[in-house]
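The structure under discussion appears below in the form of structure tokens.
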């Protein structure tokens, strides 16, 4: 029996990274959330232009936390990997301190391997809620 | 000198498909717009759940046209291809009959080769406009 490590499949690795995202978010640790993204990552948030790079991404998530968001739940629906790049489709739920759902919707993330780990590289999501 | 066709690069091919999207949209031809998507494509629009498959995608774009959108301008910023899959980041502008900008924002599309052509497979976009 070989002791060689079996490479985890990309879906499992990406779900593990999402778990870290959720844990960091729950701690209110925007720096650790931002550290899960590549150095050249971009967010594509609604009601904003692109948010580029680690510092801006940290400020974005800090702002979301400052607005009262305490929990981000990420549910992976699909992962397709092609070498060092993958895309993921999933559902998200954002909750406030009382566990109330502040928003729920869906997302598309392009992941890249950087420094031996899968990192979010392009991140965009849309609410399922009706227009205001 | 070889007469062998040089395979067009994915970015050029995807930009050519976007041109077709814009032309079909300008004609108000939602069926042709939907035909640019894979058979198993999904839209991830704001204020809606997933929109899955050719018929639902045609209805979605027909609805946008019926609401008065006459022109969709797509500007490719980035294409990365990995075999038969690619992702594209770009900017969009939606205009009404008078050429007025109804909405402007950014998008992320996962493209797949299907039947020898690049087709939109996962399509999500967000407005740059401030929240209502």
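Chains as they are written, first to last, in our numbering: chain A, 4 to 135; chain B, 4 to 135. For every residue, glycine included, the Cβ atom is placed at its ideal position computed from N, Cα and C. Values in this document were obtained by computation on a predicted structure and should not be read as measured data.
For residue i, is the classification buried or exposed, using 16 other Cβ atoms within 10 angstroms of its Cβ as the cut-off for buried?
i: residue 112 of chain B; result: buried
i: residue 84 of chain A; result: buried
i: residue 61 of chain B; result: buried
i: residue 42 of chain A; result: exposed
i: residue 13 of chain A; result: buried
i: residue 87 of chain B; result: exposed
i: residue 8 of chain A; result: Summary for residue 8 of chain A: the model assigns pLDDT 46, below 50, so the residue's position carries little reliability, and this model does not support an answer.
i: residue 50 of chain A; result: exposed
i: residue 4 of chain A; result: Caution applies to residue 4 of chain A, whose pLDDT of 41 falls short of 50 and renders its modelled position unreliable; the model cannot decide the point.
i: residue 82 of chain A; result: buried
i: residue 125 of chain A; result: buried
i: residue 71 of chain A; result: exposed
Flag residue i as yes if its beta-carbon sits less than 7 angstroms from any beta-carbon of chain B, otherwise no.
i: residue 133 of chain A; result: yes
i: residue 124 of chain A; result: no
i: residue 113 of chain A; result: yes
i: residue 130 of chain A; result: yes
i: residue 5 of chain A; result: Any reading at residue 5 of chain A needs caution, since the residue's pLDDT is 41, under 50, leaving its predicted position unreliable; the model's value is listed next. No, residue 5 of chain A does not count as interfacial toward chain B.
Counting contacts by CB-CB distance shorter than 7 angstroms, is residue i in contact with chain A?
i: residue 42 of chain B; result: no
i: residue 67 of chain B; result: no
i: residue 104 of chain B; result: no
i: residue 99 of chain B; result: no
i: residue 127 of chain B; result: yes
Going along chain D, which residues have a C-beta under 7 angstroms from residue i?
i: residue 109 of chain B; result: The chain inventory of the structure shown lacks chain D, comprising the protein chains A and B.
Under a three-way DSSP split, which group does residue i fall into?
i: residue 45 of chain B; result: strand
i: residue 106 of chain B; result: strand
i: residue 39 of chain A; result: coil
i: residue 94 of chain A; result: strand
i: residue 121 of chain B; result: strand
i: residue 134 of chain A; result: coil
i: residue 87 of chain A; result: coil
i: residue 7 of chain A; result: Low per-residue confidence applies at residue 7 of chain A: pLDDT is 43, beneath 50, and the placement is therefore not dependable, though the value from the model is reported in the following sentence. Here residue 7 of chain A sits in coil by DSSP.
i: residue 100 of chain B; result: coil
i: residue 32 of chain A; result: coil
**Report entry** Contact residues within the stretch 70-95 of chain B, judged by C-beta distance below 8 angstroms to chain A
**Finding:** 83, 85, 86, 88, 90, 92
Query - contact_flag[the stretch 92-103 of chain A, the stretch 113-127 of chain A] where n(CB pairs < 8 angstroms) is 3 or more - result: As far as the Cβ criterion goes, the stretch 92-103 of chain A does not touch the stretch 113-127 of chain A, which means the pair count is below three.
Query raised in the report: Does the count of Cβ pairs from the stretch 63-72 of chain B and the stretch 29-45 of chain B closer than 8 angstroms reach three?
Result: yes
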